[in-house]
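Structure record follows, encoded as structure tokens.
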Amino acid sequence: MSGKLRVGVVTAFPPGRNSLNEFGFHLVKHLARQAEVAEVLLYADVTDAGTPSPLDGVTVYPSWTFNSVANIVRLTREIRRTRPDAVLFNLQFATFGDKRIPGALGLLIPAVLRMFRVPTIVVLHNLADNVDMQDAGFAGSAATARLMKFAGRILTRALLRADLVALTIPRYVEYLQESYGATNALLAPHGSFEEVALPSFGVPAGRRRILAFGKWGTYKTVDVLVEAYQELLDRGYGDLELVLAGTDSPNSAGYMQSVAERFSDLPDLVFTGYVAEEEVAPLFSSATVVAFPYTSTTGSSGVLHQAGEYGRAAVLPRIGDLVDIIEEEGFLGVYFEPGDATSLADALAEVLDDPEQRVSLGRRNFAAASGIPMSEVVHWHLIHIQRLIDRRTMR
Numbered sequence: 020m021s022g023k024l025r026v027g028v029v030t031a032f033p034p035g036r037n038s039l040n041e042f043g044f045h046l047v048k049h050l051a052r053q054a055e056v057a058e059v060l061l062y063a064d065v066t067d068a069g070t071p072s073p074l075d076g077v078t079v080y081p082s083w084t085f086n087s088v089a090n091i092v093r094l095t096r097e098i099r100r101t102r103p104d105a106v107l108f109n110l111q112f113a114t115f116g117d118k119r120i121p122g123a124l125g126l127l128i129p130a131v132l133r134m135f136r137v138p139t140i141v142v143l144h145n146l147a148d149n150v151d152m153q154d155a156g157f158a159g160s161a162a163t164a165r166l167m168k169f170a171g172r173i174l175t176r177a178l179l180r181a182d183l184v185a186l187t188i189p190r191y192v193e194y195l196q197e198s199y200g201a202t203n204a205l206l207a208p209h210g211s212f213e214e215v216a217l218p219s220f221g222v223p224a225g226r227r228r229i230l231a232f233g234k235w236g237t238y239k240t241v242d243v244l245v246e247a248y249q250e251l252l253d254r255g256y257g258d259l260e261l262v263l264a265g266t267d268s269p270n271s272a273g274y275m276q277s278v279a280e281r282f283s284d285l286p287d288l289v290f291t292g293y294v295a296e297e298e299v300a301p302l303f304s305s306a307t308v309v310a311f312p313y314t315s316t317t318g319s320s321g322v323l324h325q326a327g328e329y330g331r332a333a334v335l336p337r338i339g340d341l342v343d344i345i346e347e348e349g350f351l352g353v354y355f356e357p358g359d360a361t362s363l364a365d366a367l368a369e370v371l372d373d374p375e376q377r378v379s380l381g382r383r384n385f386a387a388a389s390g391i392p393m394s395e396v397v398h399w400h401l402i403h404i405q406r407l408i409d410r411r412t413m414r
């Protein structure tokens with residue numbers, strides 16, 4: 020590369036709890052460690068949790084707020100003022116808001132920046148075309164869902180106005196190429212968050228722990244998992260503990276509290292609330308099995324990558340093409356029918372009753388998650404950023 024770069028990153032970021040904050044944290048941290056990078060300019064979300072903690076090589080610019088219609092002006096102005104060499108966006112379709120207008124306006128920002136000749140790469144974690152709008156809580160009726168699908172296609176075309184759109188799932192790249200005629204959609208592996216040593220594939224002594232981790236309340240709900248846990252207790256599994264880790268989805272305030280109240284009589288049901296970064300490793304390492312009680316999917320699962328990094332077996336829903344997507348990435352799990360507590364209980368029992376299968380699944384998922392470390396993924400992004408800069412310079 021011709022010189023050290025000042026790379027901007029637009030992302031949700033801890034201690035804020037908006038979607039993709041953990042991916043954003045590791046993306047920024049590994050970018051700042053690269054020899055080619057002089058400085059990472061972090062354009063983080065403004066939240067009640069406070070500003071991000073200092074990281075070496077990172078300058079923080081709290082520049083946007085979830086569900087604010089002013090983001091398109093405020094963030095664009097801040098980026099033009101601070102003049103990074105290029106900007107990397109860490110996005111899914113609800114990054115800037117779960118309300119339609121602010122959410123949509125935020126997704127126009129990469130196209131606006133390109134108009135100002137700022138090199139832009141979008142890391143896109145889902146596609147509007149593949150999201151069940153009603154189940155994900157974005158539409159209250161089938162008619163509204165159809166309108167939102169149409170709007171989603173318009174916004175997808177707007178995102179494709181960025182210089183490059185990087186997706187973590189091969190078939191998403193193929194879909195954009197075939198359905199949108201995209202020539203700037205590329206595959207960028209998700210990457211493992213940390214370059215972890217070979218984990219222990221065993222489980223700690225004591226109660227066997229079923230873990231679910233996420234932001235809950237829309238298409239990710241825990242009710243069916245709690246019902247499956249109750250069924251396992253009724254079958255005589257007396258040494259279990261169910262840990263529900265994480266917080267409400269931004270558009271489902273109060274959901275986890277309602278679950279805690281509804282199932283307050285169940286033994287060994289644990290609600291952790293928000294899990295800080297330093298608590299993630301011991302939490303996953305303590306799990307016998309990680310459950311994914313989703314009713315639909317919006318793309319590659321960061322939680323599944325985390326479960327794999329710590330060598331955990333997974334129990335996963337059989338939703339549409341989700342199984343194919345999971346296995347394309349190299350992961351494997353025991354599958355259940357979404358929304359069916361008995362099917363979920365059977366899948367959990369299969370892992371709990373067969374230690375050899377549990378270890379085998381954990382090893383497979385570790386291999387999938389640790390195949391490409393985040394340090395290599397960010398190097399891929401830097402190569403493309405430099406190519407974009409060189410191309411602009413030659414014009």
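Sequential numbering from 20 applies to the sequence shown in the numbering used here. Beta carbons are placed, not taken as given, at the ideal position from N, Cα and C, and that holds for glycine. Every value quoted in this text rests on a predicted model; they were computed, and no experiment measured them.
Where does residue i land, buried or exposed, given buried means 16+ other C-beta within 10 angstroms?
{"i": "I460", "result": "There is no way to answer for residue 460, as the model of the chain reaches only from 20 to 414."}
{"i": "V92", "result": "exposed"}
{"i": "S198", "result": "exposed"}
{"i": "Y54", "result": "Contrary to the premise, residue 54 reads as Ala rather than Tyr in this sequence. Exposed."}
{"i": "F385", "result": "buried"}
{"i": "D253", "result": "exposed"}
{"i": "S277", "result": "exposed"}
{"i": "H280", "result": "The residue asked about is misnamed: residue 280 is Glu in this sequence, not His. Label assigned to E280: exposed."}
{"i": "D64", "result": "buried"}
{"i": "L195", "result": "buried"}
{"i": "P392", "result": "buried"}
{"i": "T412", "result": "exposed"}
{"i": "F42", "result": "buried"}
{"i": "L285", "result": "exposed"}
{"i": "I173", "result": "exposed"}
{"i": "S72", "result": "exposed"}
{"i": "V289", "result": "exposed"}
{"i": "E375", "result": "exposed"}
{"i": "G352", "result": "buried"}
{"i": "I98", "result": "buried"}
{"i": "T66", "result": "buried"}
{"i": "F112", "result": "buried"}
{"i": "T70", "result": "exposed"}
{"i": "R228", "result": "buried"}
{"i": "I188", "result": "buried"}
{"i": "R410", "result": "exposed"}
{"i": "T30", "result": "buried"}
{"i": "F350", "result": "buried"}
{"i": "P223", "result": "exposed"}
{"i": "S9", "result": "Outside the modelled stretch of the chain, which goes from 20 to 414, sits residue 9, for which no answer is possible."}
{"i": "G225", "result": "exposed"}
Among all the DSSP beta bridges, which residues are the ones paired with residue i?
{"i": "I91", "result": "I91 pairs with nothing; no bridge assigned."}
{"i": "L401", "result": "Note: L401 sits in no beta bridge, so no partner."}
{"i": "A105", "result": "V26"}
{"i": "D64", "result": "W83"}
{"i": "Y313", "result": "K239"}
{"i": "T78", "result": "L60"}
{"i": "L110", "result": "L143"}
{"i": "G292", "result": "A264"}
{"i": "V308", "result": "I229, A332"}
Pull up the CB-CB distance for residue i and residue j, whole angstroms please, since I reckon it's below 8 Å.
{"i": "G109", "j": "V28", "result": "With the sequence shown as reference, residue 109 is identified as Asn, and Gly is not the correct amino acid for it. Confirmed, Cβ separation roughly 7 Å."}
{"i": "R331", "j": "V308", "result": "7 Å"}
{"i": "W235", "j": "S271", "result": "7 Å"}
{"i": "Y238", "j": "T291", "result": "21 Å between Cβ atoms; not a contact."}
{"i": "A204", "j": "L186", "result": "6 Å"}
{"i": "P301", "j": "A231", "result": "That belief does not hold up - the Cβ atoms of P301 and A231 are roughly 16 Å apart, past 8 Å."}
{"i": "V88", "j": "L124", "result": "6 Å"}
{"i": "S114", "j": "A147", "result": "At residue 114 the sequence reads Thr, which differs from the Ser that was named. About 12 Å; that fails the 8 Å criterion."}
{"i": "D242", "j": "L259", "result": "At roughly 18 Å, the Cβ-Cβ gap does not stay under 8 Å, so D242 and L259 are not in contact."}
Does the CB of residue i have a neighbour CB from chain B at under 7 Å?
{"i": "L401", "result": "This model lacks chain B altogether; it includes just one protein chain."}
Under 8 Å, with one C-beta from each stretch per pair, do the segment 43–52 and the segment 80–97 reach the 3-pair mark? no
Taking contact to mean at least 3 C-beta pairs separated by less than 8 Å, is the segment 118–126 in contact with the segment 366–385? no
When the Cβ atoms of the segment 181–190 are set against those of the segment 245–265, are three or more pairs found closer than 8 Å? no
Hey, is the segment 30–49 in contact with the segment 289–305, meaning 3+ C-beta pairs nearer than 8 Å? yes
Looking at C-beta atoms only, is the number of pairs between the segment 123–143 and the segment 89–105 that lie closer than 8 Å three or more? yes
Taking contact to mean at least 3 C-beta pairs separated by less than 8 Å, is the segment 355–366 in contact with the segment 189–209? no
Quick check on the DSSP output: what are the complete alpha helix (DSSP H) runs of length 4 or more inside the segment 180–244, in order along the chain? 189–199
Restricting to runs no shorter than 4 residues, where is the alpha helix (DSSP H) found entirely within the segment 244–284? 274–281
4 or more residues per run - each alpha helix (DSSP H) lying fully within the segment 329–368: 341–347
Segment contact, 8 Å Cβ cut-off, at least three pairs: the segment 359–368 with the segment 239–259: yes
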